[in-house]
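Below is one structure, written out as structure tokens; the observations come after it.
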Amino acid sequence: MRVLIPSALHSYSGRPWVEASGATVGEVLADLDRRFPGIRFRMIDEQGGIRRHIRLFYRQRQVFDLVAPVSDDGELLIVQALSGG
Amino acid sequence: MSKQDAQSGQPVLLVATRKGAWLLHADAARCSWRVDGPHFLGHIVNHLVLDPRDGRTLLAAAKTGHLGPTLFRSPDLGRTWQEAARPPAFGPAANGLAARAVDHTFWLTPGPAGEPGVWYAGTSPQGLFRSEDGGNSWAPFSCINDDPQYRQWFGTVQDGTPDGPKLHSIIVDPRDSSHLYFAMSGGGVHESTDGGRSFTPLVDGMEVVEGFDPGDVSFHDPHCVRLCPGNPDRLYQQNHCGIYRLDRPGRRWERIGRNMPREVGDIGFPLVLHPRDDQTAWVFPMDGSDVWPRTSPGGRPAVYATRDGGASWQRHAAGLPAEQAWWTVKRQAMTADREDSVGLYFGTTSGELWQSRDEGRQWECLTRHLPEIYAVEVAYPR
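Protein chains in written order, with this note's numbering: chain A, 38 to 122; chain B, 652 to 1033.
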């Protein structure tokens, strides 16, 4: 599936749109980490929690759980929530 | 340290800030500094440390406002950087306790000379980690991270600094690598004599906020603990409640800050030790009255020095602003070099870097307009 990577993570992916595969959001992120080592830990903590300023959207709806099912014809959008100063 | 060692190489300042890191390379007289940076612009860099064992490898503890924590490693003094393969991260839930996640790595300490590749890290929330491969992969170290008693002493995320509770001041006894210290804000000072398999509190004599029980380790808030390079049996500490000295094998801290001028007090964050003389230390007092402004008392910044182990203190403010300067110097943001006339350096929350080439008597500003400075270390690359 197509995955949109936020600019803060382009140092890993090198580009905004990449391909990754998996049957769930968690599997897609695991595949992303295989392709771009280290990228998952910047988004997901060691207990499987989505980090505070990371938002995931599948088919334009926000995903709160990594076990949410996905299919290859959808798009996963990874967004950095605006914060800080 | 021999005089020859003290004269080999020029110092480099490693400056970690809220928005990136900088390296400042000195000339032989420490009069001119070449600025290299920013590295990791936009990253929150809590600590930047050179491996003294090879004189080339840098480790940077970093995160951004949006992303999780990581560590970067440079084998060539900052020309190139690689991310750690396994940054510090807690294990799964254990001992019936809630699982935790590292928010950021706060403190880095290289291991002893005889253990190349070993590093220690302290995190927020409080956690102790160790790497045995030069900082590339990290694992939880010791039993404390998931020990029920230590969890109680850690408190909650509300019990630490505004930026979270922190484990800091990790110290390895240069004579015995199995002898370790660390400190926590909050959670006291702790010691291991068995290589980190177990730790015990070392808080006797330390005071806590009025009305609280000093017998409860969780109420202790050491801000900065240092071991004398010239005498590993002597430690100094800047605490939320005073300045202390401890001479081992004694276990009771003495509040030497009682000898500070009453109008200044003995509250602050950093504490710096002389590289050879165990009687000499420097502190940077802050206003810890009423609502705790955490600024220089009266808006008049000054360093205070003792040259008699804390029996007396002298004010050093020449060159610093005489009024209306409302700085804070954080606990990692003041340090000393190892030259014969010791150079002192501190970075401010307002992004200024200050230098003294004569042990604090005269100060000059090295650079302004950096982001908020979190840490300053002196390194001697080879």
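Each residue gets a CB set at the ideal place from its N, CA and C atoms; glycine is no exception.
Query	Result
Taking the alpha-carbon positions, what's the residue 805 of chain B to residue 47 of chain A distance?	36 Å
When you compare only the Cα positions, how much space is there between residue 777 of chain B and residue 57 of chain A?	35 Å
Looking at C-alpha atoms only, which residue of B:997, B:809, B:871 and B:840 is the closest neighbour of residue 897 of chain B?	B:840
What's the C-alpha gap between residue 652 of chain B and residue 926 of chain B?	Bear in mind that a pLDDT of 34 at residue 652 of chain B, under 50, signals an unreliable position, so the number given afterwards is only what the model happens to contain. One C-alpha to the other measures close to 9 Å.
Quick check: is the beta carbon of residue 652 of chain B nearer than 9 Å to any beta carbon in chain A?	Because the pLDDT of residue 652 of chain B is 34, which lies under 50, any placement of that residue in the model is unreliable, and the question is left without a value.
First and last residue of the alpha helix (DSSP H) that includes residue 917 of chain B?	Segment: none, residue 917 of chain B is in no alpha helix (DSSP H) and carries neither H nor E.
Would you decide whether residue 789 of chain B is buried or exposed? Buried here means 16 or more other CB atoms lie within 10 Å of its CB.	buried
Do the CB positions of residue 874 of chain B and residue 919 of chain B come within less than 9 Å of each other?	yes
Listing by chain order, which chain B residues have their CB less than 7 Å from the CB of residue 45 of chain A?	715, 717 and 718
For residue 692 of chain B and residue 701 of chain B, which I take to be in contact (beta-carbon distance under 8 Å), what is that distance rounded to the nearest angstrom?	About 21 Å separates the two Cβ atoms, so there is no contact after all.
Considering only residues of the same chain and omitting the five flanking positions on each side of residue 855 of chain B, which have a CB-CB separation below 7 Å?	902, 903 and 904
Taking Cβ positions, are residue 825 of chain B and residue 763 of chain B nearer each other than 9 Å?	yes
Indicate the three-state DSSP secondary structure (helix, strand or coil) for residue 739 of chain B in the structure shown.	coil
Could you tell me whether any Cβ in chain C is nearer than 9 Å to the Cβ of residue 117 of chain A?	Of the protein chains in this structure, namely A and B, none is chain C.
Excluding the 5 residues preceding and the 5 following residue 106 of chain A in the sequence, name in chain order all residues of the same chain whose CB lies nearer than 7 Å to its CB.	60 and 61
Applying the criterion that 16 or more other CB atoms from any shown protein chain within 10 Å of the CB defines a buried residue, is residue 770 of chain B buried or exposed?	buried
Please say whether residue 837 of chain B and residue 814 of chain B have beta carbons closer to each other than 9 Å?	no
What is the residue span of the beta strand (DSSP E) that residue 63 of chain A lies within?	Looking at the DSSP string, residue 63 of chain A is not in any beta strand (DSSP E); the run it does join, the alpha helix (DSSP H), is 62-72.
How would you write the range of the beta strand (DSSP E) that residue 117 of chain A sits in, first residue to last?	112-117
Could you spell out where the alpha helix (DSSP H) holding residue 37 of chain A opens and where it closes?	Nothing about residue 37 of chain A can be read from this structure; chain A reaches only from 38 to 122.
Might you give, ordered along the chain, the residues of its own chain that have their beta carbon closer than 6 Å to the beta carbon of residue 114 of chain A, omitting 5 neighbours on each side?	41 and 94
Tell me where the beta strand (DSSP E) around residue 761 of chain B begins and ends.	755-761
How big is the Cα-Cα spacing for residue 917 of chain B and residue 933 of chain B?	12 Å
At 3 residues or longer, and completely inside the region 832-916 of chain B: list those beta strand (DSSP E) runs for me, N to C.	839-843, 873-879, 882-890 and 893-898
Using a Cβ-Cβ cut-off of 7 Å (strictly less than) and excluding sequence neighbours within five positions of residue 765 of chain B, which residues of its own chain qualify?	828
Taking CB distances under 9 Å as the criterion, tell me whether residue 74 of chain A reaches chain B.	yes
Checking the sheet assignment: what are the DSSP bridge partners for residue 714 of chain B?	B:695
Mind pulling the chain A residues with CB within less than 8 Å of residue 723 of chain B?	None at all; the shortest Cβ gap to chain A is about 10 Å.
If the cut-off is 7 Å on Cβ atoms, which residues from the region 1016-1033 of chain B count as contacting chain A, listed in chain order?	none
At a CB-CB cut-off below 8 Å, which residues of chain A make contact with residue 753 of chain B?	82 and 83
Using a Cβ-Cβ cutoff of less than 7 Å, which residues in the same chain neighbour residue 978 of chain B once the five nearest sequence positions on both sides are dropped?	946, 947, 952, 999, 1000 and 1001
Between residue 78 of chain A and chain B, is there a C-beta pair that is closer than 9 Å?	yes
Using beta carbons (cut-off 9 Å, strictly below), is residue 91 of chain A in contact with chain B?	yes
For the beta strand (DSSP E) containing residue 90 of chain A, name the first residue and the last one.	No beta strand (DSSP E) holds residue 90 of chain A; DSSP gives it neither H nor E.
What residues from chain A crowd round residue 734 of chain B, counting only those whose CB sits closer than 7 Å?	75
Around the C-beta of residue 940 of chain B, are 16 or more other C-beta atoms found within 10 angstroms, so that it is buried, or is it exposed?	exposed
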